[in-house]
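Participant: Same order as they appear, the protein sequences are chains A and B. Reminder that position 26 of the first sequence reads as 26 in my numbering, one-by-one numbering, no gaps. Reminder that position 147 of the second sequence reads as 1147 in my numbering, one-by-one numbering, no gaps. For glycine and all other residues, C-beta sits at the position ideal for the given N, C-alpha and C. The structure follows.
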Amino acid sequence: MNCDELALVLTDFLEGDLSPAVESEAIEHVSSCRSCETRLGGTKQVIALSSRYASSPLDAAARDRLLAEFIEELG
Amino acid sequence: MESPFSSPSALFREHVDGVYNVAYRVLWNGADAEDVVQNTFLTAFSRRDQLADGAKIRPWLLTIAYREAISVLRRRRDQPTEPSQLPVIASRELGPEEVTQQQALAERIARAFRNLPDNLRSAVVLRDIEELTMIDVAQALSIGVSAAKMRVSRGRELLRLELSDELS
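Below you can see the structure in the form of structure tokens.
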């Protein structure tokens, strides 16, 4: 597997959707390629940062107000 | 299995954050996102007979929310009118300097998300923030699973490049 091929299967690799044979090829390539190791590690960090920082929860007052409006609309 | 619609309040409380988050990340406007929240839950109740599997309530609600938000976006193709709401999620007590650093990081991440094209941002929000399966992302976006994977992949790559200074 080369870098371009790794890029094509990166999402499937992270999803665990690769066949065992292709997954082994991907792991072997990443272990010997600094650039792809950086790309894989960076992508994992992006996923972790997105999950941790990119949500925008409602505050409690807004949640209560919306719930009251919703129940009123439902009748 | 008890219907998820048997308690409207419980259903709302359990899913409102996810619904709001999807709406907000499409619209970048709190008032519009709140409108989408209301419409999503009202639509869900009016169409509750269409939900065949109660266990799939979350992806079903987020799909409704996404489509509601997109319809609002198409009607009001205006610029966002308020800054993002940026939570700092602390796993332990933070000092003032750490809070400032985390707030700055959260702002950079929010900016990176905001700079993504709409179609890529929606896919990443649904997969990496709301943690839907790729199949559910595909259904929400009305595209195939391969196309959903492609959008998530491209979105993550753009985020990785834009946030490269933050990554070790």
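Whether or not the stretch 1099–1117 of chain B and the stretch 47–65 of chain A are in contact is what I'm after, with contact meaning three or more pairs of Cβ atoms, one per stretch, closer than 8 angstroms; do they touch?
Facilitator: Touching, per the Cβ criterion.
Participant: If the cut-off is 7 angstroms on Cβ atoms, which residues from the stretch 37–49 of chain A count as contacting chain B, listed in chain order?
Facilitator: Of all residues in the stretch 37–49 of chain A, Gly42, Thr43, Gln45, Val46, Ile47 and Leu49 have a Cβ within less than 7 angstroms of some Cβ in chain B.
Participant: For chain B, check one thing: does any of its Cβ atoms lie closer than 8 angstroms to the Cβ of Phe13(A)?
Facilitator: Locating residue 13(A) in the first sequence gives position 13, where the first residue counts as 1. No, Phe13(A) does not count as interfacial toward chain B.
Participant: Going along chain A in order, which residues have a C-beta closer than 8 angstroms to the C-beta of Tyr1066(B)?
Facilitator: Sequence index remark: in the second sequence, residue 1066(B) carries index 66 (1-based). Under the 8 angstroms cutoff, chain A gives no residues; its nearest Cβ is about 15 angstroms from Tyr1066(B).
Participant: Here's a check: name, in chain order, each residue in its chain whose Cβ is nearer than 6 angstroms to the Cβ of Tyr1024(B), leaving out the five neighbours to either side.
Facilitator: Within the second sequence, numbered from 1, the residue matching residue 1024(B) stands at position 24. Around Tyr1024(B): Ala1033.
Participant: Nearest-angstrom Cα distance between Asn1119(B) and Val1099(B)?
Facilitator: Position 119 of the second sequence, counting from 1, holds the residue named residue 1119(B). Position 99 of the second sequence, counting from 1, holds the residue named residue 1099(B). For Asn1119(B) and Val1099(B), the distance between alpha carbons rounds to 32 angstroms.
Participant: List, in chain order, every chain A residue whose beta-carbon is nearer than 9 angstroms to that of Ile1143(B).
Facilitator: Position 143 of the second sequence holds residue 1143(B). Correct list: empty, because the minimum Cβ distance to chain A is about 14 angstroms.
Participant: Val1016(B) and Leu66(A): beta carbons closer than 8 angstroms?
Facilitator: As a first step, residue 1016(B) must be located in the second sequence, where it is residue number 16. As a first step, residue 66(A) must be located in the first sequence, where it is residue number 66. Going by C-beta atoms, Val1016(B) is nearer than 8 angstroms to Leu66(A).
Participant: So, using beta-carbon positions, are Ala1123(B) and Val1152(B) closer together than 8 angstroms?
Facilitator: Working through the second sequence from its first residue, we reach residue 1123(B) at position 123. Working through the second sequence from its first residue, we reach residue 1152(B) at position 152. Going by C-beta atoms, Ala1123(B) is nearer than 8 angstroms to Val1152(B).
Participant: Give a yes or no on whether the minimum CB-CB distance between Arg1156(B) and chain A is below 8 angstroms.
Facilitator: To locate residue 1156(B), count along the second sequence from 1; it is residue 156. So, interface residue.
Participant: So, is the C-beta of Pro1008(B) closer than 8 angstroms to a C-beta in chain A?
Facilitator: In the second sequence, residue 1008(B) corresponds to position 8, counting from 1. Yes, Pro1008(B) counts as interfacial toward chain A.
Participant: Among Val1026(B), Arg1013(B), Ile1143(B) and Asp1128(B), which one has its Cα closest to the Cα of Ala61(A)?
Facilitator: By one-based count along the first sequence, residue 61(A) stands at place 61. Of Val1026(B), Arg1013(B), Ile1143(B) and Asp1128(B), the residue nearest in Cα terms is Arg1013(B).
Participant: Could you tell me the alpha carbon to alpha carbon distance between Trp1060(B) and Leu1051(B), rounded to whole angstroms?
Facilitator: Taking the second sequence and counting its residues from 1, one reaches residue 1060(B) at position 60. Taking the second sequence and counting its residues from 1, one reaches residue 1051(B) at position 51. Roughly 8 angstroms separates the two Cα atoms.
Participant: When you compare only the Cα positions, how much space is there between Cys3(A) and Leu1167(B)?
Facilitator: Position 3 of the first sequence holds residue 3(A). Position 167 of the second sequence holds residue 1167(B). Whole-angstrom Cα-Cα distance: 20 angstroms.
Participant: Could you check which residue in Pro20(A), Leu14(A), Ser24(A) and Asp59(A) has the C-alpha nearest to that of Gln86(A)?
Facilitator: Outside the shown range of chain A, which is 1 to 75, sits residue 86(A), and nothing can be said about it.
Participant: Would you please verify whether the beta carbon of Ala62(A) is less than 8 angstroms from any beta carbon of chain B?
Facilitator: By one-based count along the first sequence, residue 62(A) stands at place 62. Yes, Ala62(A) lies at the interface with chain B (some Cβ there is under 8 angstroms from its Cβ).
Participant: Express the C-alpha separation of Ser32(A) and Val1019(B) in angstroms, rounding to a whole number.
Facilitator: Numbered from 1 along the second sequence, position 19 holds the residue referred to as residue 1019(B). Numbered from 1 along the first sequence, position 32 holds the residue referred to as residue 32(A). Between Val1019(B) and Ser32(A), the C-alpha separation is close to 42 angstroms.
Participant: Strictly below 8 angstroms CB to CB, what residues from chain B border Glu73(A)?
Facilitator: Here residue 73(A) corresponds to residue number 73 of the first sequence, with the count starting at 1. Per Cβ cutoff of 8 angstroms: Gln1038 and Leu1042.
Participant: Judging by CA-CA distance, which residue of Leu1011(B), Glu1157(B) and Lys1149(B) is the nearest neighbour of Ile71(A)?
Facilitator: As a working mapping, residue 71(A) is identified with position 71 in the first sequence. Of the candidates Leu1011(B), Glu1157(B) and Lys1149(B), the one whose C-alpha sits nearest the C-alpha of Ile71(A) is Leu1011(B).
Participant: Are the C-beta of Phe1005(B) and some C-beta of chain A separated by less than 8 angstroms?
Facilitator: For the purposes of this step, residue 1005(B) is identified with residue 5 of the second sequence, where counting begins at 1. With 8 angstroms as the cut-off, Phe1005(B) does not count as an interface residue toward chain A.
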